[in-house]
Amino acid sequence: MRSRFADTVLDTAGEQLPRFGGATFTLRFRLMRLTWVICWFVLAAWTPSPCNHWRVWLLRCFGARVHSTAVIRGSARIWWPANLAMGQHTSMGPGVLCYNVADVTLGDFSIVSQRAHLCTGTHDVDDKDFPLVSLPITIQANAWIAAEAFVGPGVLVGEGAVLGARAVAARALAPWTIYVGNPAKPIRRRRGGEFA
Amino acid sequence: MRSRFADTVLDTAGEQLPRFGGATFTLRFRLMRLTWVICWFVLAAWTPSPCNHWRVWLLRCFGARVHSTAVIRGSARIWWPANLAMGQHTSMGPGVLCYNVADVTLGDFSIVSQRAHLCTGTHDVDDKDFPLVSLPITIQANAWIAAEAFVGPGVLVGEGAVLGARAVAARALAPWTIYVGNPAKPIRRRRGGEFA
Amino acid sequence: MRSRFADTVLDTAGEQLPRFGGATFTLRFRLMRLTWVICWFVLAAWTPSPCNHWRVWLLRCFGARVHSTAVIRGSARIWWPANLAMGQHTSMGPGVLCYNVADVTLGDFSIVSQRAHLCTGTHDVDDKDFPLVSLPITIQANAWIAAEAFVGPGVLVGEGAVLGARAVAARALAPWTIYVGNPAKPIRRRRGGEFA
Chain A
520 MRSRFADTVL DTAGEQLPRF GGATFTLRFR LMRLTWVICW FVLAAWTPSP CNHWRVWLLR
580 CFGARVHSTA VIRGSARIWW PANLAMGQHT SMGPGVLCYN VADVTLGDFS IVSQRAHLCT
640 GTHDVDDKDF PLVSLPITIQ ANAWIAAEAF VGPGVLVGEG AVLGARAVAA RALAPWTIYV
700 GNPAKPIRRR RGGEFA
Chain B
520 MRSRFADTVL DTAGEQLPRF GGATFTLRFR LMRLTWVICW FVLAAWTPSP CNHWRVWLLR
580 CFGARVHSTA VIRGSARIWW PANLAMGQHT SMGPGVLCYN VADVTLGDFS IVSQRAHLCT
640 GTHDVDDKDF PLVSLPITIQ ANAWIAAEAF VGPGVLVGEG AVLGARAVAA RALAPWTIYV
700 GNPAKPIRRR RGGEFA
Chain C
520 MRSRFADTVL DTAGEQLPRF GGATFTLRFR LMRLTWVICW FVLAAWTPSP CNHWRVWLLR
580 CFGARVHSTA VIRGSARIWW PANLAMGQHT SMGPGVLCYN VADVTLGDFS IVSQRAHLCT
640 GTHDVDDKDF PLVSLPITIQ ANAWIAAEAF VGPGVLVGEG AVLGARAVAA RALAPWTIYV
700 GNPAKPIRRR RGGEFA
């Protein structure tokens, strides 16, 4: 399944398939994204932690739906702001890689810690043309993606779930449950469902 | 359990809890750390390998206890030098992330290879305020933390232990034993205990 | 087993063993490599995606055997070009770390995705002098090393094999098989052997 977003901007007319190193996206979209990357680099990437309102404003200019209480660090990298939604008191830490070819949604009070990777894109390994496949990532309220963890395409992180440091999630995570390891496995329930 | 260091500099007076995106540390400490980060960036981060004595001197100025034979690369990142102790002939490779909110201690001849992560901080997932928890990391003599491995809060790496590339240690590692995987599991004894 | 290349440039005359933080390679080789690192940094590291022919030309000047249809991104890091061979329509994505102390060979149509790590070097943990051990990595035709995966020294990635995101391969991967996890384990066959 491909996302509607990807269907719109994918370079389906081009003869250059990914298998042959061709561009996946249209020239128009690539120029738009280049503009975004340059804007973030020049205006936001180097800004210190307290300039958060400025970064939120910049993200909104490019179409992100970000609550005013959300926190995002300058060293975080958003692939495409229009595919990002962050609820109240959410947080995206230093060096987070948000590769949101499809939508990435952070529920209220959810936290993505330093250098975590939210990866919505993959390739269909069973298709000879190796096409891009992109699936949305949804992180529900009060969940915590710990340092350097990896969330794969299409993963639903349930309310209050914890993905431990360096853990790798390829499937849905159950609510109020702690997962560790690569691949991620549940180790125990989290006490705290009562304060959701 | 929180470390004594964290207790001293934690912003316990503030109303802004981590759960609400508030600062964890006092303003005074954050300014001190900003000074350190700027100093390392300007004076050391770009220096080539042979300028090691200069980097050791700079770390000592900020309170690190580093032996003169210790080796630390410019691209390594020390969160707070006063929480770092490195014994003789220890080594911290390129891109190492030493997130030492609590003490990090490297015993003689221990090696931390490129892009490894020594992470002393986590959060109490069972507390609704989600407070910072920091626990010291101790790496004993002759141990080797290989490339891109991860050592979590409170971990004791036993003498001569080896944590393989990309392995993730959340518990104590037995002496002269080789661990791989995420989570790290022992695979065999290391021959060499006799030369400790 | 050490590679022939490493035997040639290893600083075997020096008294400074790796265990004592000494340099592993000869001064002459280190200066040659410094030239390469500076050249890539000044001339290629910042170049956008479409300047691919320029980067391929630069790699060839330093001895890499790279097909003209190969794609390599500016943010990729090649340790030593003379140890690199890339076949037709191969690809090395953004942020790939190719630590090729020994040869790294990419077969036709093979893909190495963003921030993957091809690591040919390790240390002999059973030798008290802790010498560098380097073993070649061979990635056969149509294989895919996905984002942030890790391929260790001496690994042969079979034709059409897939190493999933963040997976860690320390042993040979069977052809047309999909591996995930750390350590990497096979999960199923890949459909597509027929289009090889």
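Residue numbers (this note's numbering), protein chains in the order written: chain A, 520 to 715; chain B, 520 to 715; chain C, 520 to 715. Beta carbons: idealized from backbone N, C-alpha and C, even for Gly.
Could one say the Cβ of Val674 of chain C lies closer than 8 Å to chain A's Cβ atoms, at least one of them?
No, Val674 of chain C does not count as interfacial toward chain A.
Would you list the one or two residues that DSSP bridges to Trp663 of chain C?
In the DSSP output, where bridge partners are listed per residue, Trp663 of chain C has C:Ile630, C:Val681.
Is it buried or exposed for Phe544 of chain C, if we count other Cβ within 10 angstroms and need 16 for buried?
So Phe544 of chain C ends up on the buried side.
Please tell me whether Asp622 of chain A and Pro672 of chain A are closer than 8 Å, where the distance is taken between their beta carbons.
Taking 8 Å as the Cβ cut-off, Asp622 of chain A and Pro672 of chain A do not qualify as a contacting pair.
Within 10 angstroms of its Cβ, does Cys638 of chain C collect 16 or more other Cβ (buried), or is it exposed?
Buried: at least 16 other Cβ atoms inside 10 Å.
What distance in whole Å lies between the Cβ atoms of Arg690 of chain A and Val750 of chain A, which are believed to be in contact at a cut-off of 8 Å?
The first residue shown for chain A is 520 and the last is 715, placing residue 750 of chain A beyond what the model contains.
Counting only beta-carbon atoms, is Gly700 of chain C nearer than 8 Å to chain A?
Chain A, which has a Cβ nearer than 8 Å to the Cβ of Gly700 of chain C, makes this yes.
Show which residues of chain B have a CB atom less than 8 Å away from the CB atom of Val681 of chain C.
By Cβ distance, chain B contributes nothing, its closest Cβ being about 18 Å from Val681 of chain C, past 8 Å.
Check the Cβ of Arg552 of chain C against every Cβ in chain A and list those closer than 8 Å, keeping chain order.
Within 8 Å Cβ-Cβ: nothing; Arg552 of chain C doesn't reach chain A, min ~27 Å.
Checking contacts by CB at 8 Å: is Ala684 of chain C closer than that to chain A?
Yes, contact with chain A.
Which residue marks the beginning of the alpha helix (DSSP H) containing Arg709 of chain C, and which one marks its end?
Counting along the chain, Arg709 of chain C falls outside any alpha helix (DSSP H), and DSSP gives it neither H nor E.
Any idea what DSSP makes of Ala601 of chain A, helix, strand or coil?
Note: Ala601 of chain A maps to helix in three-state DSSP.
Which residue or residues does DSSP assign as beta-bridge partners of Leu654 of chain A?
In DSSP, Leu654 of chain A forms no bridge with anything.
Which word fits Trp576 of chain C, buried or exposed, when buried means at least 16 other C-beta atoms lie within 10 angstroms of its C-beta?
Classification for Trp576 of chain C: exposed.
Using the C-alpha atoms, what's the distance from Leu625 of chain A back to Leu536 of chain A?
Reliability of the predicted coordinates at Leu536 of chain A is poor, the pLDDT of 47 falling under 50, and no value is obtained from them.
Would you say Arg521 of chain B reaches chain A, if we count a Cβ-Cβ gap shorter than 8 Å as a contact?
Unreliable positioning characterises Arg521 of chain B in this predicted model, as indicated by a pLDDT of 46, which lies under 50. A coordinate reading is not provided.
Quick one: what's Gly496 of chain B bridged to in DSSP?
In the structure displayed, chain B extends from 520 to 715; residue 496 of chain B sits before or after that span and is not available.
Taking DSSP as the reference, what is the three-state secondary structure of Val623 of chain B?
In the structure shown, Val623 of chain B sits in a strand (DSSP, three-state: E or B).
Would you mind stating whether Leu603 of chain C and Leu562 of chain C have Cβ atoms separated by less than 8 Å?
Not in contact: Leu603 of chain C and Leu562 of chain C (Cβ atoms no closer than 8 Å).
Would Gly614 of chain A pass as an interface residue toward chain C - the criterion being a Cβ-Cβ separation below 8 Å?
No, Gly614 of chain A does not count as interfacial toward chain C.
For Ala532 of chain B, would you say it is in contact with chain C, using Cβ-to-Cβ distances shorter than 8 Å as the test?
With a pLDDT of 49 at Ala532 of chain B, under the threshold of 50, the modelled position of that residue is not reliable, and the figure given next carries that caveat. It does not; no Cβ of chain C falls within 8 Å.
Is Phe560 of chain B helix, strand or coil when you go by DSSP?
In the structure shown, Phe560 of chain B sits in a helix (DSSP, three-state: H, G or I).
Using beta-carbon positions only, say whether Ala686 of chain B and Gly700 of chain B come within less than 8 Å of one another.
Yes, Cβ-Cβ distance for Ala686 of chain B and Gly700 of chain B is below 8 Å.
I think Ala680 of chain C touches Thr696 of chain C, with their Cβ atoms under 8 Å apart; what is that distance to the nearest whole Å?
That belief holds up - the Cβ atoms of Ala680 of chain C and Thr696 of chain C are roughly 5 Å apart, short of 8 Å.
Just how far apart, CA to CA, sit Tyr698 of chain B and Ile658 of chain C?
For Tyr698 of chain B and Ile658 of chain C, the distance between alpha carbons rounds to 26 Å.
Please confirm if the region 600-619 of chain C is in contact with the region 578-588 of chain C, defined as three or more CB-CB distances below 8 Å between the two stretches.
Yes, the region 600-619 of chain C touches the region 578-588 of chain C.
With a threshold of 16 other CB atoms inside 10 Å of the CB of Trp573 of chain B, please say whether the residue is buried or exposed.
The residue is exposed, with fewer than 16 neighbouring Cβ atoms inside 10 Å.
Rounded to a whole number of angstroms, what is the C-alpha to C-alpha distance between Pro567 of chain B and Arg708 of chain C?
Approximately 46 Å, taken between the alpha carbons.
Compute the beta-carbon to beta-carbon distance between Ala665 of chain B and Leu682 of chain B, rounded to the nearest angstrom, for a pair I have assumed lies under 8 Å.
Going by Cβ atoms, the distance from Ala665 of chain B to Leu682 of chain B rounds to 6 Å, so yes, they are a contact pair.
For Leu692 of chain C, list the residues DSSP reports as bridge partners.
Its beta-bridge partners are C:Val676.
Do Leu616 of chain C and His642 of chain C have their C-beta atoms closer together than 8 Å?
Not in contact: Leu616 of chain C and His642 of chain C (Cβ atoms no closer than 8 Å).
How would you label Lys704 of chain A, buried or exposed, when you count the other beta carbons within 10 angstroms and need 16 or more for buried?
Under this definition Lys704 of chain A is an exposed residue.
Going by C-alpha to C-alpha distance, which of B:Cys580, B:Val620, B:Trp559 sits closest to Arg592 of chain B?
Checking every option, the nearest Cα to that of Arg592 of chain B belongs to B:Trp559.
Identify, in the order they occur along the chain, each residue of the same chain with its Cβ nearer than 6 Å to the Cβ of Ile706 of chain A, setting aside the five sequence neighbours on each side.
Cβ within range, chain order: Ile697, Val699.
Applying the criterion that 16 or more other CB atoms from any shown protein chain within 10 Å of the CB defines a buried residue, is Ile597 of chain B buried or exposed?
Classification for Ile597 of chain B: buried.
Name the residues in the region 645-674 of chain A whose C-beta lies less than 8 Å from a C-beta of chain B; which are they?
Those would be Trp663, Ala665, Ala666, Glu667, in chain order.
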